[in-house]
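Undergrad: Protein chains in written order, with numbering that gives the first Met the number 0: chain A, 0 to 251; chain B, 0 to 251. Each residue gets a CB set at the ideal place from its N, CA and C atoms; glycine is no exception. None of these values were measured; they are calculated from a predicted model.
2 protein chains.
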Amino acid sequence: MAVGGEVRLVALEGLPLIRPGDDLGTLIAAALARAGLALQDGDVLVLAQKIVSKAEGRLVRLADVTPSAEAQRLAQEVRKDARLVELILSESRRIVRARPHVLIVEHRLGLIMANAGIDQSNVEDGFALLLPENPDASAEKLRARLAPEGARVGVVINDSFGRPWRRGTTGVAIGAAGLPALVDRRGEADLYGRPLQVTMIAFADEIAASASLLMGPAAEARPVVLLRGLGWSAADSPAAELIRPENEDLFR
Amino acid sequence: MAVGGEVRLVALEGLPLIRPGDDLGTLIAAALARAGLALQDGDVLVLAQKIVSKAEGRLVRLADVTPSAEAQRLAQEVRKDARLVELILSESRRIVRARPHVLIVEHRLGLIMANAGIDQSNVEDGFALLLPENPDASAEKLRARLAPEGARVGVVINDSFGRPWRRGTTGVAIGAAGLPALVDRRGEADLYGRPLQVTMIAFADEIAASASLLMGPAAEARPVVLLRGLGWSAADSPAAELIRPENEDLFR
Chain A
0 MAVGGEVRLV ALEGLPLIRP GDDLGTLIAA ALARAGLALQ DGDVLVLAQK
50 IVSKAEGRLV RLADVTPSAE AQRLAQEVRK DARLVELILS ESRRIVRARP
100 HVLIVEHRLG LIMANAGIDQ SNVEDGFALL LPENPDASAE KLRARLAPEG
150 ARVGVVINDS FGRPWRRGTT GVAIGAAGLP ALVDRRGEAD LYGRPLQVTM
200 IAFADEIAAS ASLLMGPAAE ARPVVLLRGL GWSAADSPAA ELIRPENEDL
250 FR
Chain B
0 MAVGGEVRLV ALEGLPLIRP GDDLGTLIAA ALARAGLALQ DGDVLVLAQK
50 IVSKAEGRLV RLADVTPSAE AQRLAQEVRK DARLVELILS ESRRIVRARP
100 HVLIVEHRLG LIMANAGIDQ SNVEDGFALL LPENPDASAE KLRARLAPEG
150 ARVGVVINDS FGRPWRRGTT GVAIGAAGLP ALVDRRGEAD LYGRPLQVTM
200 IAFADEIAAS ASLLMGPAAE ARPVVLLRGL GWSAADSPAA ELIRPENEDL
250 FR
């Protein structure tokens, strides 16, 4: 997955705080130019979900939200703001777990996540920030804007997810373009010529987690990270491919 | 989590295939010296579980294993070699899911994983490779051997794990020393001065995943990766801290 023996992760400096309507592609192109970085074959840009959502105008003023009766009942159960719960429900297919202070849902994109990914950190008071409408499409739009002619450049949009069984969050890919989010190595051999046992690699999730190391938890001081030195031969696949279909999942 | 705006991942070249009894610390020190890399404050070495297990003699000859009646019954159910199932059960506290071709257990270390982490890829025919007895202790032993006097150097032992809800494997930390495997940011503020919502970061898992990008799935051609440019202020905590206690877990 790395072409040579080295991969560099570089945070882009000097991006402004992103506001609704900002043109992320142009801002990132300018930051790359200021840093003297010209995108090349095999580069991957990782963007924090928050800046993509903000640029796409996914901020909602809580005062404008009228909670339904269902949202009000659930808000009492999970001890959250009923307007926030209304937003969570409107972004979700179903509730996976509800407990005091915990609301895990299946997001309409298929992601299983707390609060439908709706975030109030790094957002002005009284506002909530929803996930992008279609993060794979957002990634593809940025890729088309930024990739030089003929160069394979990947774009990943990441977010921090909690997980069953393990404590702490890790960066996860919610959008991807220009690279294989999931790499299928079935048919390849190990060092002894036997079939590999681990055959599907969540390439975009490993990229997302590595970029989180630089972004930190606030994910807005350093919201864009360039990875240089990766390589891949598999066909592109979107982050939607990383979502395990319910019929393959033993843990829903 | 990164001191500056850049992190380098460098695979150590020229390590031999590891055999039982090999002194990993000495082999890694020699590889670092050949590469002209002197470990410094903030460096993290990530080792693939396979080479740690091999060096620690955790290879088992299947011909020497006598499956119990329980292992034979379960082997039929999951359609695996009864001797392998015997080894899996001997390494496990309990079975989490058993289906044809699927055996997910709670490893005696608390890890929820397929086949108790027992691997037959990159192992000679007729052998199976168990996880290290105590990966946190293995990491600490290597840290003590390799860290220069007075420098904070982290050591992480990683393995590839499947996950609920998402397809593909990612690198995960099964052992850690010299760094906070879990970083608790409760009490810190976001850019608007509000409490951070994401407060526990699986630092060692993000490190493990980033190193997997270089190791690839075979994880033995490039079994040791150096990360340079990270920083941390939290107290050290072992990878055992990443295991969510059953009473905090909504998904067991």
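#1: So, B:Ala238 versus B:Pro134, is the Cβ gap smaller than 8 Å?
#2: Under 8 Å Cβ-Cβ, which residues of chain A neighbour B:Leu181?
#3: At which residue ranges does the region 64 to 139 of chain B contain complete alpha helix (DSSP H) runs of 4 or more residues, listed in the order of the chain?
#4: Would the region 225 to 238 of chain B count as touching the region 29 to 43 of chain B if we require 3 or more Cβ pairs under 8 Å?
#5: Please list, in chain order, the chain A residues whose beta carbon lies closer than 9 Å to that of B:Asp42.
#6: Compare the C-alpha of A:Arg92 against each of A:Lys49, A:Phe126, A:Ser120 and A:Asn114 and name the closest.
#7: Would you kindly work out how many angstroms separate the C-alpha atoms of A:Thr198 and A:Ala62, rounded to a whole number?
#8: By the criterion of Cβ-Cβ separation under 7 Å, what are the contact partners of B:Ile17 in chain A?
#9: Check the Cβ of B:Glu205 against every Cβ in chain A and list those closer than 8 Å, keeping chain order.
#10: Helix, strand or coil for B:Ala150? Go by DSSP, reduced to three states.
#11: To the nearest angstrom, how far is the alpha carbon of A:Leu212 from that of A:Pro66?
#12: Under 8 Å between C-beta atoms, does B:Ile27 make it to chain A?
#13: Ends of the alpha helix (DSSP H) at A:Glu55?
#14: What does A:Val45 reach in chain B if we use C-beta pairs closer than 7 Å?
#15: Quick check on B:Ile242 - is its C-beta less than 8 Å from some C-beta in chain A?
#16: Anyone know if the C-beta pair for B:Val84 and B:Ala68 falls short of 8 Å?
#17: With 8 Å as the threshold, decide whether the Cβ of A:Ala233 is near any Cβ in chain B.
#18: Since I believe A:Val122 is in contact with A:Leu26 (beta carbons under 8 Å), could you give me their beta-carbon distance rounded to a whole number of angstroms?
#19: Closest to B:Trp164 by CA distance: which of A:Ala81, A:Leu241 and A:Gly4 is it?
#20: Rounding to the nearest angstrom, what Cα-Cα distance links B:Thr169 and B:Glu139 in this structure?
#21: Could you check the C-alpha separation between B:Ala175 and A:Glu148 for me, to the nearest Å?
#22: Taking just the CA atoms, how far does B:Glu55 sit from A:Gly323?
#23: I need the boundaries of the beta strand (DSSP E) containing A:Ala175, first residue and last residue.
#24: Hey, does A:Leu229 have any beta-carbon neighbour from chain B nearer than 8 Å?
#25: Are the C-beta atoms of B:Pro163 and some chain A residue less than 8 Å apart?
#26: Taking B:Gly116 as the reference, give the member of B:Ile103, B:Phe126 and B:Asp124 with the closest Cα.
#27: Please work out which residues of its chain come closer than 7 Å, Cβ to Cβ, to B:Ala180, disregarding the five sequence neighbours upstream and downstream, and give them in chain order.
#28: With 16 as the cutoff for other CB atoms within 10 Å, does A:Gln252 come out buried or exposed?
#29: Between the beta-carbon of B:Val43 and the beta-carbon of B:Leu229, is there less than 8 Å?
#30: Is A:Asp248 helix, strand or coil by DSSP?
#31: Kindly say whether A:Val6, judged by its beta-carbon, lies nearer than 8 Å to any beta-carbon of chain B.
#32: Which residues mark the beginning and the end of the beta strand (DSSP E) in which B:Glu5 is found?
#33: Does A:Gly3 pass the burial test, meaning 16 or more other C-beta atoms within 10 Å, or should it be called exposed?
#34: Hey, B:Gln99 and B:Val64 are a contact pair by Cβ (cut 8 Å); roughly how many whole angstroms apart?
#35: Would A:Leu108 count as contacting chain B if we go by Cβ distances under 8 Å?
#36: Does any CB atom of chain A fall closer than 8 Å to the CB of B:Ala201?
TA: Short version:
#1: It is a contact, given that the beta carbons lie within the stated cut-off.
#2: Those are Arg166 and Gly167, listed as they occur along chain A.
#3: The qualifying runs are 68 to 77 and 81 to 89.
#4: Three or more beta-carbon pairs drawn from the region 225 to 238 of chain B and the region 29 to 43 of chain B are found closer than 8 Å, and the two stretches are therefore classed as touching.
#5: In chain order: nothing, as chain A lies at least about 14 Å away.
#6: Ranking A:Lys49, A:Phe126, A:Ser120 and A:Asn114 by Cα distance to A:Arg92 puts A:Asn114 first.
#7: Inter-residue distance for A:Thr198 and A:Ala62 is about 48 Å (C-alpha atoms, whole angstroms).
#8: Listed along chain A, no residue sits closer than 7 Å to B:Ile17 by beta-carbon distance, the nearest being about 11 Å off.
#9: Neighbourhood of B:Glu205 in chain A, by CB distance below 8 Å: Thr169, Gly170, Ala208, Ser209, Ser211 and Leu212, in chain order.
#10: Three-state result, B:Ala150: coil.
#11: If I take the Cα positions, the gap works out to 37 Å.
#12: Answer no: the Cβ-Cβ gap between B:Ile27 and chain A never drops below 8 Å.
#13: Segment: none, A:Glu55 is in no alpha helix (DSSP H) and carries neither H nor E.
#14: Under the 7 Å cutoff, chain B gives no residues; its nearest Cβ is about 11 Å from A:Val45.
#15: With 8 Å as the cut-off, B:Ile242 counts as an interface residue toward chain A.
#16: Not closer than 8 Å, so no.
#17: At a cut-off of 8 Å between beta carbons, A:Ala233 makes no contact with chain B.
#18: About 19 Å separates the two Cβ atoms, so there is no contact after all.
#19: It is A:Leu241 whose Cα lies nearest to the Cα of B:Trp164.
#20: Straight-line Cα distance between these residues: approximately 23 Å.
#21: Separation of B:Ala175 and A:Glu148 (C-alpha to C-alpha, rounded to the nearest whole angstrom) is 43 Å.
#22: Chain A is shown from 0 up to 251; residue 323 of chain A falls before or after that span and cannot be answered.
#23: Looking at the DSSP string, the run of the beta strand (DSSP E) that includes A:Ala175 is Thr169 to Ala176.
#24: Closer than 8 Å to some Cβ of chain B, the Cβ of A:Leu229 qualifies, so yes.
#25: True, the Cβ-Cβ gap to chain A drops below 8 Å.
#26: Measuring C-alpha to C-alpha distances from B:Gly116 to each of B:Ile103, B:Phe126 and B:Asp124 identifies B:Ile103 as the nearest.
#27: So the list reads Ala172, Phe202, Ala203, Ser236, Pro237, Ala238, Glu240 and Leu241, once near-sequence residues are dropped.
#28: In this structure chain A extends from 0 to 251, so residue 252 of chain A is not present and cannot be described.
#29: In this structure, B:Leu229 lies closer than 8 Å to B:Val43 by Cβ.
#30: Per DSSP, reduced to three states, the secondary structure at A:Asp248 is coil, with no helix or strand assignment.
#31: Output row for A:Val6: interface = yes.
#32: Element bounds for B:Glu5: Glu5 to Ala10.
#33: Looking at its Cβ environment, which holds fewer than 16 other Cβ atoms inside 10 Å, A:Gly3 is exposed.
#34: The identity of residue 99 of chain B in the sequence shown is Pro, whereas the question assumes Gln. Taking C-beta atoms under 8 Å as the contact rule, B:Pro99 and B:Val64 fail to qualify, at a distance of about 22 Å.
#35: No, its Cβ sits nowhere closer than 8 Å to a Cβ of chain B.
#36: Yes - at least one Cβ of chain A is within 8 Å of the one on B:Ala201.
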